[in-house]
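Those sequence lines, one after another, are chains E and S. Okay, so the first sequence: first residue is 1 according to my numbering, each after it adds one. Okay, so the second sequence: first residue is 1 according to my numbering, each after it adds one. Input: a single structure, listed below in structure tokens.
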Amino acid sequence: MAQRLKEVDVVVIGVGMVGSIVAKELAAAGYKVVGLERGQTRFTVPEFQSPAVHDELRFDIRKALMQDNTREPVTFRNQGAQVALPVRRWESFLPGTGLGGSMVHWNGQTYRFQATDFQLATRTRERYGKNFLDPDVTIQDWGVTYDDLEPHYDRFEYLLGTSGKAGNIKGRIQAGGDPHESPRSRDYPTPPQKEHFQGAMFRKAAGSLGYHPFPQPSSNLSQPYTNPEGVKLNACVFCGFCERYACEHYAKSVPQTVILPVLLANPNFELRTGCQVQRINLDSTKKHATGVTYIDAVGRVFEQPASLVITSTFAINNIRMLLLSGIGKPYDPATGHGVVGRNYAYQTMSTVASFFDEDVIVNPFMASGASGTLINDFAGDNFDHSGLGFIGGAFIGAVNTNGRPIQYHPVPPGTPAWGKGWKQAVVKHYNHTVMFSCHGSSVSQRQNYCDLDPTYRDAWGQPVLRITFDFPPNDIKMAAYVTAKAVEIGKAMGAKQVVGSPRKGPYTVTQYQTTHNTGGTVMGDDPKTSVVNRYLQSWDVPNVFVIGASNYPQNASWNPTGTLGALTYWAIDALKNKYLKSPGRLVSA
Amino acid sequence: MNAPAPPFARFAFSFLLIAALPCALAASATPAAAATPAAKPAAATPAASAAAAAAAPPCEACHGAHGEGMAAAHVPRIAGQSADYLKKQLDDYAAGTRDNPIMANFAKALSQQQRAKFAARYAAMSARYIPQVKPPIAVHLARGHQLAFQGDEAKRVQACNACHGPDGVGVPHAAPYLAGQSAEFLASALKAFKDGTRKNDAGELMRSVAERLDDADIAAVTGYFASVDLSTH
Numbered sequence: 001m002a003q004r005l006k007e008v009d010v011v012v013i014g015v016g017m018v019g020s021i022v023a024k025e026l027a028a029a030g031y032k033v034v035g036l037e038r039g040q041t042r043f044t045v046p047e048f049q050s051p052a053v054h055d056e057l058r059f060d061i062r063k064a065l066m067q068d069n070t071r072e073p074v075t076f077r078n079q080g081a082q083v084a085l086p087v088r089r090w091e092s093f094l095p096g097t098g099l100g101g102s103m104v105h106w107n108g109q110t111y112r113f114q115a116t117d118f119q120l121a122t123r124t125r126e127r128y129g130k131n132f133l134d135p136d137v138t139i140q141d142w143g144v145t146y147d148d149l150e151p152h153y154d155r156f157e158y159l160l161g162t163s164g165k166a167g168n169i170k171g172r173i174q175a176g177g178d179p180h181e182s183p184r185s186r187d188y189p190t191p192p193q194k195e196h197f198q199g200a201m202f203r204k205a206a207g208s209l210g211y212h213p214f215p216q217p218s219s220n221l222s223q224p225y226t227n228p229e230g231v232k233l234n235a236c237v238f239c240g241f242c243e244r245y246a247c248e249h250y251a252k253s254v255p256q257t258v259i260l261p262v263l264l265a266n267p268n269f270e271l272r273t274g275c276q277v278q279r280i281n282l283d284s285t286k287k288h289a290t291g292v293t294y295i296d297a298v299g300r301v302f303e304q305p306a307s308l309v310i311t312s313t314f315a316i317n318n319i320r321m322l323l324l325s326g327i328g329k330p331y332d333p334a335t336g337h338g339v340v341g342r343n344y345a346y347q348t349m350s351t352v353a354s355f356f357d358e359d360v361i362v363n364p365f366m367a368s369g370a371s372g373t374l375i376n377d378f379a380g381d382n383f384d385h386s387g388l389g390f391i392g393g394a395f396i397g398a399v400n401t402n403g404r405p406i407q408y409h410p411v412p413p414g415t416p417a418w419g420k421g422w423k424q425a426v427v428k429h430y431n432h433t434v435m436f437s438c439h440g441s442s443v444s445q446r447q448n449y450c451d452l453d454p455t456y457r458d459a460w461g462q463p464v465l466r467i468t469f470d471f472p473p474n475d476i477k478m479a480a481y482v483t484a485k486a487v488e489i490g491k492a493m494g495a496k497q498v499v500g501s502p503r504k505g506p507y508t509v510t511q512y513q514t515t516h517n518t519g520g521t522v523m524g525d526d527p528k529t530s531v532v533n534r535y536l537q538s539w540d541v542p543n544v545f546v547i548g549a550s551n552y553p554q555n556a557s558w559n560p561t562g563t564l565g566a567l568t569y570w571a572i573d574a575l576k577n578k579y580l581k582s583p584g585r586l587v588s589a
Numbered sequence: 001m002n003a004p005a006p007p008f009a010r011f012a013f014s015f016l017l018i019a020a021l022p023c024a025l026a027a028s029a030t031p032a033a034a035a036t037p038a039a040k041p042a043a044a045t046p047a048a049s050a051a052a053a054a055a056a057p058p059c060e061a062c063h064g065a066h067g068e069g070m071a072a073a074h075v076p077r078i079a080g081q082s083a084d085y086l087k088k089q090l091d092d093y094a095a096g097t098r099d100n101p102i103m104a105n106f107a108k109a110l111s112q113q114q115r116a117k118f119a120a121r122y123a124a125m126s127a128r129y130i131p132q133v134k135p136p137i138a139v140h141l142a143r144g145h146q147l148a149f150q151g152d153e154a155k156r157v158q159a160c161n162a163c164h165g166p167d168g169v170g171v172p173h174a175a176p177y178l179a180g181q182s183a184e185f186l187a188s189a190l191k192a193f194k195d196g197t198r199k200n201d202a203g204e205l206m207r208s209v210a211e212r213l214d215d216a217d218i219a220a221v222t223g224y225f226a227s228v229d230l231s232t233h
């Protein structure tokens with residue numbers, strides 16, 4: 001029997017980046033907010049300190065910071081005709097857990113999407129005609145525009161202190177920045193990080209081919225910074241332990257370093273960790289949430305009543321929360337009807353390795369998660385796709401993040417997979433190879449979706465999430481095209497051997513690609529094709545807001561965090577200035 | 001917020017230098033100018049360069065025959081410190097990004113090759129551990145150990161060892177050792193970072209830390225590192 005607790009104004013499910021920001025804003029506005037976090041409390045000191053945090057076996061191989069998939073797995077299959085099986089080892093993507101969420105182990109690559117991305121369906125139809133795309137592709141407009149989000153992108157970047165170089169301020173192109181970016185209202189809060197040697201080689205080569213290289217925007221900071229919340233960050237030391245690790249230097253922008261000190265000092269906020277939310281509770285009309293039910297670390301069941309519920313968990317867990325709660329109609333790929341779980345998408349990652357002689361020394365270990373140089377000439381809709389048979393693109397960059405000994409050992413094709421020959425090749429190439437990433441977009445497609453698994457259940461007895469996904473033909477074509485362009489840059493750098501590895505199907509969950517899972521609770525203007533409206537409010541249960549990369553109708557060519565931060569502040573603006581003043585539907589269906 | 005640290009450290013240094021210089025530097029360049037902080041730095045005359053390059057380096061007068069330093073005078077131990085680090089400090093003294101009139105005079109008188117040579121010489125030395133005259137009391141040692149190994153979340157200070165290596169043994173090329181270093185020197189270095197007279201730390205990495213430490217923290221952490229005898233590691 002659940003113990004019923006005293007009602008509060010707001011329950012936030014998941015105290016990661018989104019949850020921390022939302023809770024901070026609403027607590028500061030005077031509302032009583034409870035944050036329910038399934039993982040543990042953790043801070044820079046003592047939990048993130050080295051040498052313990054630089055344990056590659058523990059964090060990289062054994063995924064110490066990730067969702068416990070012995071208790072809460074997901075199942076996966078490529079196609080609807082297959083039987084999905086549980087993912088027992090996180091490999092392809094890495095959902096985090098614990099205070100601060102997945103952002104604790106992010107790389108700090110902080111991009112904005114471009115204006116065209118938010119109106120992708122309209123733009124594609126207008127530029128390439130209505131029959132350009134495979135009929136199974138289900139891309140759609142977001143319901144918000146870049147101009148809507150610009151002030152919120154700005155606010156998020158200044159919260160993080162992002163280090164970068166503007167390419168377009170209010171329509172004026174800035175030398176050294178990205179000329180393709182949509183106009184920003186001002187420059188980044190801090191200048192770019194130092195360029196590593198691979199980045200410098202890339203910049204020279206890409207420039208010689210007429211492209212437009214620029215420094216990657218990084219939330220591993222180039223210099224000390226005090227954000228508008230009054231929280232101070234340090235400069236990054238290029239230790240090479242970002243992605244999959246927590247930062248011990250207060251130099252990577254994560255909730256612990258940018259906002260939690262302010263949130264946790266507010267008496268209107270209460271953090272409860274070790275709390276596994278089972279469902280959002282609805283009243284008998286199924287149109288109003290009454291709160292949530294959760295189980296704490298020792299197994300006690302609680303009902304936490306609340307006037308407003310915000311689910312701000314990792315993308316795929318947001319989908320599952322709605323499915324477990326009966327909010328919104330589940331998607332059915334056979335009919336194309338239903339919305340929850342629809343338009344699940346990913347990121348189409350390809351690589352290029354450029355092998356040099358031993359006189360070119362790159363020191364790959366000297367890196368931050370977001371140092372490097374890239375081009376957007378083949379990203380998004382920055383080039384003409386007429387006749388190419390696909391939409392989307394990828395940024396191409398020398399954005400090497402580390403040279404850690406267990407995981408990083410580039411070798412050319414034909415190298416033995418183990419033994420003496422492999423070891424010799426690793427030694428030969430470790431310090432003389434430049435890796436490019438081709439960070440590609442992902443269209444949503446009718447066959448790709450998430451639902452509740454009919455067989456497997458979590459440690460609390462609830463069905464786990466089932467992911468059905470394979471790379472759409474559109475994205476395989478895109479990867480082949482962009483990777484070929486990246487190979488040309490590798491050759492222009494003067495490499496002895498350039499090896500392009502365009503992403504090919506089938507998608508596999510046993511190989512790391514990226515933790516950029518998107519979609520499943522997508523935003524939009526039409527309740528038939530979206531789960532939440534343009535303010536991220538549930539169409540079906542107006543006192544439930546869903547905030548996450550699960551809101552993206554499809555994924556663009558860049559890392560999703562910057563856009564998620566912008567959407568978070570956009571939704572907060574609607575909550576504070578519209579919803580909480582007069583609770584109800586913000587958009588009529 | 002960041003009141004300048006009292007300049008006692010530099011005065012003590014200068015005073016002892018005056019006392020120590022004549023014996024070791026009898027034939028060396030302009031000791032009077034070097035010992036007077038207010039004096040204009042000596043120009044790198046050919047004579048000065050030649051003297052500095054002589055077999056018995058002027059460093060010994062203060063840093064000791066084995067690079068063991070002179071703790072009470074805030075003169076650091078430099079034996080076994082990484083050559084890259086020592087060379088960078090000489091360059092920074094000469095450039096003025098590390099403010100010390102005495103070291104500036106010496107450094108300016110040296111060519112790049114001479115600086116590299118001295119740096120390599122002391123990097124290759126080893127010197128016995130010198131116990132502190134007044135070892136820190138247990139409670140300060142405990143606080144120092146905490147700052148060294150763990151840091152302090154309330155002050156948003158990370159562990160010293162995160163950059164300076166396990167128990168402050170140093171990370172060649174990147175960060176100097178702190179273990180066995182003179183507490184007096186470490187304290188004056190932290191205060192110099194804090195008040196901005198020393199600003200040769202990339203990304204203000206040391207200033208970011210030093211400005212969050214109060215006098216008690218500085219005494220504790222420097223006392224702790226001075227108590228670490230590397231030869232027992």
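Don't be surprised by glycine CBs; every beta carbon is placed ideally from N, CA and C.
Nonlocal neighbours in the same chain, by C-beta distance under 6 Å from E/A205, ignoring five residues either side: I489, A492 and M493
Give, in chain order, every residue of the stretch 40-63 of chain E whose Cβ lies closer than 7 Å to some Cβ of chain S. F43, T44, V45, P46, Q49, S50 and P51
Apply the 10 Å Cβ neighbour rule to E/M321 and answer buried if 16 or more other Cβ atoms are within range, or exposed otherwise. buried
Between the CA atoms of S/H145 and S/A219 - distance to the nearest angstrom: 12 Å
Minimum length 3: unbroken beta strand (DSSP E) runs contained in the stretch 288-363 of chain E: 289-295, 301-311, 342-345 and 348-355
List in chain order: all unbroken alpha helix (DSSP H) runs of 4+ residues lying wholly within the stretch 14-90 of chain E. 17-28
Where do the ends of the beta strand (DSSP E) carrying E/D453 lie? Y449 to R457
Less than 8 Å between the CB atoms is what I'm expecting for E/D68 and E/T97, so what's the real figure, rounded? 7 Å
Relative to the C-alpha of S/A127, which candidate in S/Y224, S/E60 and S/D214 has its C-alpha closest? S/E60
Going along chain S, which residues have a C-beta under 8 Å from E/A235? A202, G203, E204, L205 and S208
Please list the partners that S/C163 has in chain E, where partner means a Cβ-to-Cβ separation under 7 Å. V237
Nearest candidate by alpha-carbon position, reference E/T233, set S/P136, S/S82 and S/V209: Looking at the sequence shown, residue 233 of chain E is not Thr but Leu. That would be S/V209, whose Cα lies nearest to the Cα of E/L233.
Measuring only from the beta carbon, is E/D55 closer than 7 Å to any heavy atom that is part of the ligand ATP? Here there are no bound small molecules, and the ligand ATP is not part of this structure.
Here's the rule I'm using: 16 or more other beta-carbon atoms within 10 Å means buried, otherwise exposed. How should S/A72 be labelled? exposed
Considering only the beta carbon of each residue, do E/L567 and E/N551 sit closer than 8 Å? yes
For chain S, is any of its Cβ atoms less than 8 Å away from the one on E/P189? no
Since E/Q278 and E/L324 are thought to touch, with beta carbons under 8 Å apart, how far apart are those beta carbons, to the nearest angstrom? 7 Å
Please report whether the beta-carbon of E/Y31 lies at a distance below 8 Å from any beta-carbon of chain S. no
Which residue's Cα is closest to the Cα of E/S501: E/S163, E/F436, E/D377 and E/A459? E/F436
Residue burial classification, E/K6 (beta-carbon count within 10 angstroms, cutoff 16): exposed
Between which two residues does the beta strand (DSSP E) carrying E/G440 extend? T433 to G440
Chain E partners of S/G96, CB-CB under 7 Å? Within chain E, no residue comes near S/G96; the closest Cβ sits about 21 Å away, beyond 7 Å.
Under 9 Å Cβ-Cβ, which residues of chain E neighbour S/A159? V45, P46, Q49, S50 and E248
Counting along the chain, where does the alpha helix (DSSP H) carrying E/V426 start and finish? G419 to H429
Between the Cα of E/H105 and those of E/K423, E/A549 and E/V53, spot the shortest distance and give me the residue it belongs to. E/V53
Determine the closest residue to E/P530 out of E/T190, E/F238, E/T335 and E/G328, with distance taken between C-alpha atoms. According to the sequence provided, residue 530 of chain E is Ser. The question's Pro does not apply to it. Answer by Cα proximity: E/G328.
S/R198 versus S/E68, S/A79, S/A104 and S/G69, residue with shortest Cα-Cα distance: S/A104
E/P463, enclosing beta strand (DSSP E) - first and last residue: P463 to T468
By the DSSP assignment, the beta strand (DSSP E) with E/I396 in it spans what residues? A394 to A398
In or out: S/P76 buried (at least 16 other Cβ within 10 Å) or exposed? buried
Thinking E/N448 and E/T433 are a contact (beta carbons under 8 Å), I'd like their distance in whole angstroms, please. With 8 Å as the limit, E/N448 and E/T433 do not qualify as a contact, their Cβ atoms being about 34 Å apart.
For E/Q82, the nearest candidate out of E/D453, E/T518, E/V522 and E/G548 (CA to CA): E/D453
Within 10 Å of its beta-carbon, does E/G161 have 16 or more other beta-carbons around it, so buried, or fewer, so exposed? buried
Against chain E: residues of the stretch 136-154 of chain S by CB proximity under 8 Å: F149, Q150, G151, D152 and E153
According to a CB-to-CB cut-off of less than 9 Å, which residues of the stretch 208-224 of chain E neighbour chain S? L221, S222, Q223 and P224
Work out the CA separation of E/G39 and E/Y225 for me, nearest whole Å. 29 Å
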